[in-house]
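In order, the protein sequences belong to chains H and V. With the working numbering, the residue at position 181 of the first sequence is 259, and numbering never jumps. With the working numbering, the residue at position 201 of the second sequence is 220, and numbering never jumps.
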Amino acid sequence: MNSRTFAAFVGPSVFMMLLFIAFPLVSVFKQSFYVTQPIYETVEKETCTPGFLTQTCVTEQVSQPKLDEHGEIITQTQYVGLQSYRNVLEPERAWRAISDGSWHVLSTINFWKALRFTLTFTLITLPLVVGCGLGIAILINNAARAIRGPVIFVSLLPFIITPVIGVLAINWLFRGDGILTAMMEWWLNRDIALFAQAWTIEVLMMLYRVWHVAPFAAIIFYAGLQTVNQDSLESAVIDGATRWQRLKYIVIPHLMPLIIFVAMIHLMDSYRVFEEIVGFSSQGYVISLQWLTFDYLTPDQAGNRSISRASANSMLTMIGVVILLILPLRRTWRDHKGGH
Amino acid sequence: MTLKTILMAGAMSIATTGAWADCAFENEVPLKSLSAGFEAWKAVTDAMAECGNFSASLDQEFREKQPEAFAADPALYQIGGVSNATLVPLLNAGTIRPLDDLVEKYGQDLLPNQLIKVDGKTMAIAMMVNAQHLMYRDDVLAELGIEEPKSYDDVLAAAAKIKEAGVMDYPIGGTFETGWNLGQEFINMYMGEGGSFFGDGNMPAINNAQGVEALETLKAMTEYMDPEYLVSDSTYVQQQFQQGKIAMANLWASRAAAMNDEAESQVVGKVTMAAAPMGSAAPATTIWWDGIVLASNMSDEEADAAFRVALEGMDGDMVSANNDAAVWLSPAYSAGDLAAGAAASAAGGAKAYPASGPMGIMHTALGNGLADYLTGAKDAQTTLADIEADYITAAKEAGLISN
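Encoded structure:
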């Protein structure tokens with residue numbers, strides 16, 4: 079392929095990536111170092127609100143943004159350096175908690191509370207997703223050809239459901255006297271409140287995530303299983319290898335690149351855990367990094383939002399993903415180099 | 020129930036397609052409105068639609084859209100539905116117009132207390148008020164010989180009795196969902212104790228005896244509440260009531276009618292509306308209003324039409340047809356038993372919600388920070404100090420506190 083044709087093919091996609099990925103990233107990066115705010119003045123204002131028969135009027139000092147001659151709010155943007163990052167990380171408070179050895183206090187600071195859950199969530203679901211995915215793939219592979227189609231369809235179903243809907247469904251099944259909680263209560267003969275403490279909510283979230291993502295892993299592994307060298311498997315059987323030994327010494331090494339791939343995708347996805355928090359409205363107990371960005375961005379009823387802190391937090395989230403990906407990426411890189 | 024609803028909806032849509040319906044004039048100017056999406060707004064916008072050439076957006080996320088939509092020139096919506104809190108960003112941005120000339124021209128039927136005045140200028144027309152007040156199961160309390168609770172001590176004592184008698188496991192309900200709802204519960208209690216939120220220069224001032232008292236009352240209540248209280252919003256509390264699971268709750272007046280909805284409720288006629296329990300200074304609640312504003316970025320002709328349509332939406336016919344949907348501000352409104360709680364709270368001296376820019380930030384900081392106290396992760400003083408710190412960070416970023 080000459081370079082012209084190559085450019086014509088790749089050009090549009092590079093352009094799109096610059097426009098939709100690189101540019102927003104740079105803009106968020108820049109915003110995390112700046113703060114834009116209206117200029118307020120304090121004025122005395124009389125406000126009247128309805129009572130039942132009469133009005134109640136109060137006169138008070140209120141802060142009110144200054145408007146320019148076109149009626150637009152005058153804003154100023156100033157460079158604040160790492161201040162927004164400091165506001166998110168709260169390093170002094172965190173350091174004090176660490177030097178006191180008080181894990182408990184550290185886990186009440188928003189960012190660290192979110193980081194703790196995000197990491198736990200990511201690292202616990204990872205082996206479960208890979209394990210369940212492999213299990214389902216082997217199950218499909220061993221199913222009789224006649225029922226293989228339906229089995230694939232059924233095992234893919236959880237992956238098709240929109241995440242928010244899936245989370246809400248779990249919420250309704252377990253919240254209060256939801257069907258499944260009621261069943262468990264009847265079975266164990268005791269009162270169960272799954273949304274009344276952090277750990278049960280976390281377990282539900284992880285179960286949901288594994289249920290949701292395992293089919294994706296399964297379908298990739300199933301594809302990989304089709305290319306396992308049948309001769310090696312047969313000779314292994316002749317040599318008297320058990321099913322487990324065949325899996326351990328032939329199938330898994332063969333699938334390793336795919337396992338790394340699935341692990342990487344899962345790390346990236348689950349580090350941005352969000353739907354679970356919103357769907358369970360669990361922010362009283364459990365929050366995640368991505369939810370924190372969302373919370374900073376959501377305007378309150380008076381219209382204030384914290385865009386700088388949101389930017390800083392999303393940059394930190396990205397850095398976290400990159401750090402998590404270093405290990406599997408290094409391995410892929412080594413394999414890649416070794417292969418040539 | 021469903022069939023009835025569908026038939027009703029069908030009938031409504033037929034009614035709203037023609038301009039022939041129950042409207043005093045025929046509207047020629049295309050108009051749009053953006054408001055919250057609860058029952059009362061549905062009734063009002065349906066009545067507006069009878070004038071023709073009108074479309075309404077009822078949107079729970081309206082407060083995120085409204086400031087931007089009104090700042091556009093021409094404004095994307097001519098009529099806005101606001102409450103005392105969501106009025107603030109529009110007032111700050113100067114995107115809504117004074118209504119005095121229009122009130123003079125068309126507003127003869129308005130009550131004087133419907134006119135929301137800021138610095139002497141009418142900026143909004145209120146149509147209803149809303150407040151959280153005590154609702155309790157008349158039959159349950161009467162059977163145990165408990166008088167109507169007047170304060171939170173009474174509420175807690177009544178709850179203890181009900182639990183002891185084995186009538187209910189969790190006699191109290193509450194809108195304690197982390198976030199806006201929980202913040203609102205604290206604000207109710209704190210205002211009931213007579214506390215004020217800010218000192219000079221928008222600095223926070225909640226870390227005091229009244230704040231601690233408010234927190235302790237909230238915590239005492241949770242002992243009698245379903246342990247999943249941190250996820251319970253207004254709809255959840257309403258359902259708990261309807262299913263007979265709770266006996267008392269401080270719930271929104273706009274939810275009162277649902278207690279007597281025979282299609283949903285198992286406690287029809289058994290729930291009494293009473294004043295919000297007294298704090299040491301005032302009833303522990305805040306009074307809210309909902310009403311309409313008009314955008315400044317539109318022609319005077321459009322504003323004229325928009326105002327007339329809006330008035331048609333909240334006229335006497337609409338109020339009589341939807342009497343129980345809200346506590347309406349209208350001469351045509353007949354305050355029944357359902358409005359008794361809100362009225363009694365107001366008569367007891369309940370204050371209006373102190374809406375302002377800093378209050379928006381404070382409400383969010385409270386909503387996010389209180390759960391740590393209720394779950395036992397922090398003590399009262401630390402909780403309040405952390406909320407103040409959180410507030411200061413956000414207020415500095417918003418420019419409300421100088422560095």
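Cβ coordinates follow ideal geometry from the N, Cα and C atoms, glycine included.
Host alpha helix (DSSP H) of asparagine 220 (chain H) (start-end): Run containing asparagine 220 (chain H): 188-220, per the alpha helix (DSSP H) assignment.
Pair within 8 Å by beta-carbon distance, serine 375 (chain V) and valine 140 (chain H): Contact annotation: serine 375 (chain V) and valine 140 (chain H) have beta-carbon atoms nearer than 8 Å.
Within 8 Å, strictly: CB atoms of isoleucine 306 (chain V) and alanine 362 (chain V): For the pair isoleucine 306 (chain V) and alanine 362 (chain V), the CB atoms are not nearer than the 8 Å cut-off.
Continuous alpha helix (DSSP H) assignments of at least 4 residues falling wholly in the region 64-94 of chain V: If only uninterrupted alpha helix (DSSP H) runs of at least 4 residues are considered, those enclosed by the region 64-94 of chain V are 81-90.
Rounded straight-line distance, which links the Cα of isoleucine 135 (chain V) to that of phenylalanine 217 (chain V): As the crow flies, the alpha-carbon of phenylalanine 217 (chain V) is around 24 Å from that of isoleucine 135 (chain V).
Cβ-Cβ separation, methionine 292 (chain V) to glycine 185 (chain V) (assumed contact under 8 Å), whole Å: Going by Cβ atoms, the distance from glycine 185 (chain V) to methionine 292 (chain V) rounds to 26 Å, so no, they are not a contact pair.
Beta-carbon neighbours of arginine 387 (chain H), restricted to chain V and to distances below 7 Å: Residues of chain V passing the Cβ test: Glu416.
CB contact flag (isoleucine 279 (chain H), serine 360 (chain H), <8 Å): Annotated as proximal: isoleucine 279 (chain H) and serine 360 (chain H), with beta-carbon spacing under 8 Å.
Neighbour flag for leucine 145 (chain H) against chain V, beta carbons, 8 Å: Yes, contact with chain V.
Completely contained beta strand (DSSP E) runs for the region 79-118 of chain H, where each covers 3 or more residues: 112-116, all fully within the region 79-118 of chain H.
Delimiting residues of the beta strand (DSSP E) encompassing glycine 100 (chain V): Annotation for glycine 100 (chain V): the continuous beta strand (DSSP E) segment containing it runs 98-102.
Between the CA atoms of leucine 357 (chain V) and isoleucine 197 (chain H) - distance to the nearest angstrom: First, the amino acid is wrong: residue 197 (chain H) is leucine here, not isoleucine. As the crow flies, the alpha-carbon of leucine 197 (chain H) is around 50 Å from that of leucine 357 (chain V).
Proximal residues, the region 374-387 of chain V versus chain H, C-beta separation under 8 Å: Under the 8 Å Cβ criterion, the region 374-387 of chain V contributes Ala374, Ser375, Gly376, Pro377, Met378, Gly379, Ile380, His382, Thr383, Asn387.
Where methionine 292 (chain V) falls: helix, strand or coil (DSSP): Strand, per DSSP.
DSSP state of alanine 145 (chain V) mapped onto helix, strand, coil: Three-state DSSP puts alanine 145 (chain V) in a strand.
Within 9 Å of chain H by C-beta, residues of the region 86-107 of chain V in sequence order: Hits within the stretch, in order: Pro86, Ala90, Ser102, Asn103, Ala104, Thr105, Val107.
is_contact[glycine 139 (chain V), chain H] using C-beta, thresh 8 Å: Interface residue (Cβ-Cβ distance to chain H less than 8 Å): glycine 139 (chain V) is classified as such.
Supposed contact pair proline 296 (chain V) and proline 433 (chain V) - C-beta distance, whole angstroms, cut 8 Å: Because residue 433 (chain V) is not part of the residues shown, which for chain V are 20 to 422, the question remains open.
Glutamine 379 (chain H): contacting residues in chain V (beta-carbon distance under 9 Å): Under the 9 Å cutoff, chain V gives Arg82, Ser102, Ala104, Thr105, Val107, Pro108, Trp199, Ala374, Met378, Gly379, His382, Thr383.
Chain H contacts made by the region 131-156 of chain V, where a contact means CB separation under 8 Å: Cβ proximity to chain H below 8 Å picks out Pro131, Asn132, Gln133, Leu134, Ile135, Lys136, Val137, Asp138, Gly139, Ala145, Val148 from the region 131-156 of chain V.
Against chain V: residues of the region 139-167 of chain H by CB proximity under 7 Å: Listed in sequence order: Val140, Ser141, Gln142, Pro143, Leu145, Gly149, Ile151, Asn165.
Closer than 8 Å to chain H by CB, aspartate 245 (chain V): Output row for aspartate 245 (chain V): interface = yes.
Length at least 4, wholly inside the region 372-408 of chain V: the alpha helix (DSSP H) runs in chain order: As far as the region 372-408 of chain V is concerned, its whole alpha helix (DSSP H) runs of at least 4 residues are 376-388, 390-393.
Among H:Ile238, H:Thr134, H:Thr186, H:Ile176, the one whose alpha carbon lies nearest that of aspartate 398 (chain V): Minimum Cα distance to aspartate 398 (chain V) is reached at H:Thr186.
Ranges of the alpha helix (DSSP H) found wholly within the region 215-286 of chain H, counting only runs of at least 4: Correct list: 223-238, 241-252, 257-266.
For asparagine 269 (chain V), the three-state DSSP class (helix, strand or coil): Looking at asparagine 269 (chain V) - three-state DSSP - the assignment turns out to be strand.
Beta-carbon gap between leucine 129 (chain V) and glutamine 97 (chain V) smaller than 8 Å: The Cβ-Cβ distance between leucine 129 (chain V) and glutamine 97 (chain V) does not fall below 8 Å.
Burial state of asparagine 207 (chain V), where buried means 16 or more other Cβ atoms lie within 10 Å: Under this definition asparagine 207 (chain V) is a buried residue.
Interfacial residues, the region 361-376 of chain H to chain C, with Cβ spacing under 8 Å: The structure shown contains no chain C; its protein chains are H and V.
Pairwise C-alpha distance: proline 406 (chain H) and proline 241 (chain H): The alpha-carbon atoms of proline 241 (chain H) and proline 406 (chain H) are separated by roughly 26 Å.
Option nearest alanine 303 (chain V) by Cα separation, candidates V:Pro223, V:Glu204, V:Tyr189, V:Arg82: Selected option, being the one with the closest Cα: V:Glu204.
Counted within 10 angstroms of its Cβ, other Cβ atoms place glycine 29 (chain V) as buried (16 or more) or exposed: Note that glycine 29 (chain V) scores a pLDDT of 46, beneath 50, so its modelled location is shaky; the value from the coordinates is reported in the next line. Glycine 29 (chain V) counts as exposed, since fewer than 16 other beta carbons sit within 10 angstroms of its beta carbon.
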